[in-house]
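Read through the structure below, which is laid out as structure tokens, and then see the notes.
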């Protein structure tokens, strides 16, 4: 059953102050897909400044809290009575999961379980019509499928799970809980597994914003191993449009893979980023940014290649990415050039002071 394009419906978005979540909320409000309640714990990567200009928007509300807090989630569901849930809330950085996996288990596994259980209780008490239209969309990653060889076919929705990092293992577990709550309790779920996102508002520990900032400061551009690890790159706004498409037209209980149709080695990516920066913001000494590339010891368990087969979402739902890698990378670099103050605030931690001032006691 399609939910339709109803500007009066209300979606509860979890993790909406993060990179993908904040982009999704912006696009959803701009296109009047729904009214939005944003539930976010505001951890290190949850930056409310990403959405600061929406504070007075009558179609937007913010609720500070954790998906693992069942009582809080229950109160939010009762207060706002959402028509759908979109779960972005997750710990998502592989390197952090290697050094501290417990937080990933708490948020991605237990948090998703607790959210599902509270939503199940809420959904079961809705009227028949509202239960039929309700959706729980879980946003996941292609990393749950493991690693591909250079000549292997891309990941499809039928690829067996084979996670290789604490992060991907925690996301795989959350995916299984979502599936189980559909098959056991009938909760109308949808799952999306996306490739590497990039674009505005991405936390600067991630590859592309890190390379941009280091280049602008004349610092080294560190690349793991030999630089030949391959990722499929998806512009974040294309991902957001795909999520809306799945929300409105996806088949309940199904999984949809979302990719950018753009495989690049890490080295190819960084070299192209440097070339674009050379054009848009030449270094003060006139030298090419590529000279800053350095190679560092590979991280443990570094998957060699990810690639997405998006045939299902393309054929069934008619979605395809709008941005090419070239156009998306240009837009991303231009945004970071024009928003240096945002990046500086995130990196020096001053946004945390803003957070405390604006959200303390809420």
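Residue numbers (the numbering used here): 677 to 1038.
Ideal Cβ positions, reconstructed from N, Cα and C, are used throughout, including at glycine.
Only a predicted model underlies this, so the values are computations on that prediction, with no experimental measurement involved.
#### Entry: C-beta atoms of residue 981 and residue 823 nearer than 9 Å
yes
### Task
Give the straight-line distance between the Cα atoms of residue 925 and residue 941, rounded to the nearest whole angstrom.
33 Å
### Task
Compare the beta carbon distance of residue 844 and residue 789 with 9 Å and say whether it is the shorter of the two.
no
### Query
If we call anything under 9 Å between Cβ atoms a contact, is residue 965 one with residue 949?
yes
### Query
What separation, rounded to the nearest whole angstrom, lies between the Cα atoms of residue 690 and residue 702?
14 Å
### Task
Look at the Cβ atom of residue 760, then the Cβ atom of residue 697, and state whether they are nearer than 9 Å.
no
### Query
Ends of the alpha helix (DSSP H) at residue 750?
746-756
### Query
According to DSSP, which residues form a beta bridge with residue 898?
970
### Task
Leaving aside the five residues before and after residue 905 along the sequence, list all residues of the same chain whose C-beta is less than 8 Å from its C-beta, in chain order.
941, 942, 978, 979, 980, 981
### Task
Tell me whether the beta-carbon of residue 1019 lies closer than 9 Å to the beta-carbon of residue 880.
yes
### Query
Which runs of the beta strand (DSSP E) fall wholly inside the stretch 826-900 and span at least 3 residues, in chain order?
865-870, 872-874, 897-900
### Task
Using beta-carbon positions only, say whether residue 969 and residue 899 come within less than 9 Å of one another.
yes
### Query
For residue 784, which option in 984, 852, 985 has the closest C-alpha, if you only look at C-alpha atoms?
852
### Query
At which residue ranges does the stretch 780-804 contain complete alpha helix (DSSP H) runs of 4 or more residues, listed in the order of the chain?
788-800
### Query
Does DSSP classify residue 743 as helix, strand or coil?
coil
### Message
Distance check for residue 866 and residue 708, CA to CA, integer angstroms please.
### Response
21 Å
### Stretch-stretch touch, CB-based, cutoff 8 Å, three pairs: the stretch 951-964 with the stretch 910-919
no
### Task
Can you give me the Cβ contacts of residue 821 inside the same chain, cut-off strictly under 6 Å, excluding the 5 residues immediately before and after it?
831, 835
### Query
So, helix, strand or coil for residue 718, using DSSP?
coil
### Task
Grab me the residues of residue 719's own chain with a C-beta within less than 6 Å of its C-beta, minus the 5 sequence neighbours each way, in chain order.
none
### Query
Of the choices 984, 894, 713, whose alpha-carbon is the least far from that of residue 960?
894
### Query
How many Å lie between residue 742 and residue 751 at the Cα?
12 Å
### Message
Determine whether the beta carbon atoms of residue 984 and residue 929 lie at a separation below 9 Å.
### Response
no
### Message
Assuming contact is defined by CB atoms lying nearer than 9 Å, are residue 907 and residue 939 in contact in what I supplied?
### Response
yes
### Task
Return the Cβ separation of residue 868 and residue 922 in integer angstroms, given the expectation that the two are a contact with Cβ distance under 8 Å.
6 Å
### Message
Going by DSSP in three states, residue 815 sits in which element: helix, strand or coil?
### Response
strand
### Query
Between 937, 715, 840, 944, which lies nearest to residue 694 when the distance is taken from Cα to Cα?
715
### Query
On the three-state DSSP scale, how would you describe residue 700?
helix
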